[in-house]
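Below is one structure, written out as structure tokens; comments come after it.
There are 2 protein chains.
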Amino acid sequence: MSETIEPIATMAAELNRLPGIGKKTAQRLAYFVASMPLEDVRALSVALWEGRKAIRFCKTCGNYAAGDTCAVCADPARHNGQLCVVRDPRDVAAMERMHAYGGLYHVLHGTLSPMDGIGPDQIHIRELLSRLESEKVDEVILATNPDVEGEATASYLARILKPFHLRITRIAHGVPVGGDLEYTDEVTLQKALEGRREV
Amino acid sequence: MSETIEPIATMAAELNRLPGIGKKTAQRLAYFVASMPLEDVRALSVALWEGRKAIRFCKTCGNYAAGDTCAVCADPARHNGQLCVVRDPRDVAAMERMHAYGGLYHVLHGTLSPMDGIGPDQIHIRELLSRLESEKVDEVILATNPDVEGEATASYLARILKPFHLRITRIAHGVPVGGDLEYTDEVTLQKALEGRREV
Numbered sequence: 002m003s004e005t006i007e008p009i010a011t012m013a014a015e016l017n018r019l020p021g022i023g024k025k026t027a028q029r030l031a032y033f034v035a036s037m038p039l040e041d042v043r044a045l046s047v048a049l050w051e052g053r054k055a056i057r058f059c060k061t062c063g064n065y066a067a068g069d070t071c072a073v074c075a076d077p078a079r080h081n082g083q084l085c086v087v088r089d090p091r092d093v094a095a096m097e098r099m100h101a102y103g104g105l106y107h108v109l110h111g112t113l114s115p116m117d118g119i120g121p122d123q124i125h126i127r128e129l130l131s132r133l134e135s136e137k138v139d140e141v142i143l144a145t146n147p148d149v150e151g152e153a154t155a156s157y158l159a160r161i162l163k164p165f166h167l168r169i170t171r172i173a174h175g176v177p178v179g180g181d182l183e184y185t186d187e188v189t190l191q192k193a194l195e196g197r198r199e200v
Numbered sequence: 002m003s004e005t006i007e008p009i010a011t012m013a014a015e016l017n018r019l020p021g022i023g024k025k026t027a028q029r030l031a032y033f034v035a036s037m038p039l040e041d042v043r044a045l046s047v048a049l050w051e052g053r054k055a056i057r058f059c060k061t062c063g064n065y066a067a068g069d070t071c072a073v074c075a076d077p078a079r080h081n082g083q084l085c086v087v088r089d090p091r092d093v094a095a096m097e098r099m100h101a102y103g104g105l106y107h108v109l110h111g112t113l114s115p116m117d118g119i120g121p122d123q124i125h126i127r128e129l130l131s132r133l134e135s136e137k138v139d140e141v142i143l144a145t146n147p148d149v150e151g152e153a154t155a156s157y158l159a160r161i162l163k164p165f166h167l168r169i170t171r172i173a174h175g176v177p178v179g180g181d182l183e184y185t186d187e188v189t190l191q192k193a194l195e196g197r198r199e200v
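Here it is, written out as structure tokens:
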């Protein structure tokens, strides 16, 4: 069928792999890209590829970083003894958008999910334990998502962190149960942080 | 602020230029791209850039083409004397999805819009006239969008095509008034084609 020429079909197929971009949206975007000035498409293409290549992970906390250390860990004002444990770098971005947290982060890069074969060794828990041994940490804030895996991970961490004799808190259920940290508005997220409780 | 590192911000800014991709969606997509395997991002980036570079316009009708001639014009079975005049190559794609039109196309690459300084010389009307002189055309179907510019363009074309003594039709108002051809479902589009009338 002569509906869509090959380059547009290929563009649409690749765009279709992005989250929230269905088949129809992908085709619409592909047609738009086909009509964009060459230099604009070049800028988009280069931004994606060079951007992805430039992504590093902070060697301390696992957050996205442009170099060896992320902007949060590089900021001496943030070393206040608080460590906020999240699943993904984008959860760090969500927390930072709130402008109300002054401590550091630890990114697990996943949550425990025995069904998917993700146990403690598959996520950055070992790195967390070694940070607690070497850094001066007073409080660990468990800020994994309020879903099944996130709660299980928080419970697991609360248990294995007991021997460290520090304050272990869980963000309050101000965040909607079953929801996603990334989509939570700043105010709700702030309430969740304020209402955190000992576990 | 340490919210978003530079490569992700750049990706989000570029994605934000696409239609229907707001600031928040763009950031979400950028974070997703950051987490994609390198080879997948490479495939996406290459598909966009190489795809855009590969876009040619059919030298006959102005539709997108991989080479000199588009798939519709290259198909000898389509030369049945009908010429469907549309605004954009993506309108050709919309018509083709209907699987009910067997003629050829002519893409205007715009519609008359005196407010924006787009007159008959800014769109491919001259090319249409020279086709009518050289090709065996029995009917011109005016399938510009049913909006102000599309109707004005159809009226203008109906007037200047009078001397050619051929059947000039306008797709019926089965397509929603004020709507966009590209978003019209196949059935409505087919009804619009069947209900076309002399102008």
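Listed in order, the protein sequences are those of chains A and B.
Residue numbers for the first sequence follow my numbering, beginning at 2 and rising by one.
Residue numbers for the second sequence follow my numbering, beginning at 2 and rising by one.
Think of the CB as a built atom: it goes at the ideal place given N, C-alpha and C, for glycine as much as any other residue.
Can the beta-carbon of residue i be found closer than 9 angstroms to that of residue j?
i, j, result
"A153/A", "L113/A", "yes"
"Y106/B", "V138/B", "no"
"I172/A", "R197/A", "yes"
"D41/B", "R43/A", "no"
"S46/B", "L49/A", "yes"
"G82/A", "E128/A", "no"
"E7/A", "A67/B", "yes"
"V176/B", "L190/B", "yes"
"D69/A", "R57/A", "yes"
"L167/B", "E140/B", "yes"
"R53/B", "P20/A", "no"
"P115/B", "I161/B", "no"
Round the Cβ separation of residue i and residue j to the nearest angstrom and send it over; I've been treating them as touching at under 8 angstroms.
i, j, result
"I126/A", "L143/A", "At roughly 12 angstroms, the Cβ-Cβ gap does not stay under 8 angstroms, so I126/A and L143/A are not in contact."
"A31/A", "I9/A", "5 angstroms"
"L194/A", "Y102/A", "6 angstroms"
Skipping 5 residues on each side, what residues in its chain have a beta carbon closer than 8 angstroms to that of residue i?
i, result
"V188/B", "none"
"K192/A", "A173 and G175"
"G179/A", "P147 and D148"
"E97/B", "V73"
"K163/A", "I169"
"Q123/A", "G111"
"T185/A", "A95, V176, P177 and A193"
With hydrogens ignored, establish whether the beta-carbon of residue i is closer than 8 angstroms to any heavy atom of the ligand ADP.
i, result
"I22/B", "The ligand ADP is absent from the structure shown, which contains no ligand whatsoever."
Got a sec? Which residues, its chain only, sit under 6 angstroms from residue i by beta carbon, not counting five neighbours each side?
i, result
"T145/B", "R88, T112, G151, T154 and A155"
"L182/A", "D92, A95 and N146"
"L84/B", "L105, H107, V138 and V141"
"F165/B", "L133"
"T5/A", "none"
"C59/B", "A66, T70, C71 and C74"
"M99/A", "E187, L190 and Q191"
Leaving aside the five residues before and after residue i along the sequence, list all residues of the same chain whose C-beta is less than 7 angstroms from its C-beta, in chain order.
i, result
"V34/A", "M12 and V42"
"R79/A", "V73, G103, G104 and L105"
"T61/A", "T70 and C74"
"A55/B", "A67"
"K24/B", "N17"
### Task
Closer than 8 angstroms, Cβ to Cβ, to anything on chain A: give me those residues from the segment 48–67 of chain B, in chain order.
Answer in chain order: A48, L49, W50, E51, G52, R53, K54, A55, I56, Y65, A66 and A67.
### Query
Quick one, which residues of the segment 135–165 of chain A are near chain B if we go by CB-CB under 7 angstroms, in chain order?
Of all residues in the segment 135–165 of chain A, none comes within less than 7 angstroms of chain B when Cβ atoms are compared.
### Message
Extract the residue ranges of the alpha helix (DSSP H) inside the segment 73–117 of chain A, only unbroken runs of 4 or more that lie entirely within it.
### Response
Counting whole runs of 4 or more residues, the segment 73–117 of chain A contains the alpha helix (DSSP H) stretches 90–98.
### Task
Can you give me, in chain order, the residues of the segment 31–45 of chain A that have a beta carbon less than 8 angstroms from any beta carbon in chain B?
Listed by position, the residues of the segment 31–45 of chain A near chain B (Cβ gap below 8 angstroms) are A31, Y32, F33, V34, A35, S36, M37, L39, D41, V42, R43, A44 and L45.
### Task
Go through the segment 120–170 of chain A residue by residue and report every complete run of the alpha helix (DSSP H) that reaches 4 residues or more, in order.
For the segment 120–170 of chain A, the full-length alpha helix (DSSP H) segments reaching 4 residues or more read 126–135 and 149–162 along the chain.
### Message
Against chain A, which members of the segment 168–191 of chain B pass a CB distance test of less than 8 angstroms?
### Response
Within the segment 168–191 of chain B, contact with chain A at the beta-carbon level (separation under 8 angstroms) is assigned to E183.
### Task
For the segment 81–97 of chain A, enumerate the residues whose C-beta is nearer than 8 angstroms to any C-beta of chain B, in chain order.
Within the segment 81–97 of chain A, the residues whose Cβ lies closer than 8 angstroms to some Cβ of chain B are D89, P90, R91, A94 and E97, listed in chain order.
### Task
List in chain order: all unbroken alpha helix (DSSP H) runs of 4+ residues lying wholly within the segment 3–27 of chain A.
Inside the segment 3–27 of chain A, DSSP marks whole alpha helix (DSSP H) runs of 4 or more residues at positions 7–16, from first to last along the chain.
### Query
Going along the segment 101–125 of chain A in order, which residues come within less than 7 angstroms of chain B, judged by CB to CB distance?
Across the segment 101–125 of chain A, no CB contact with chain B closer than 7 angstroms is found for any residue.
### Task
With 8 angstroms as the limit, tell me which residues of the segment 3–18 of chain A have their beta carbon closer than that to any beta carbon of chain B; keep them in chain order.
Those residues of the segment 3–18 of chain A that come within reach of chain B (Cβ to Cβ, closer than 8 angstroms) are S3, E4, T5, I6, E7, P8, I9, T11, M12, A14, E15, L16 and R18.
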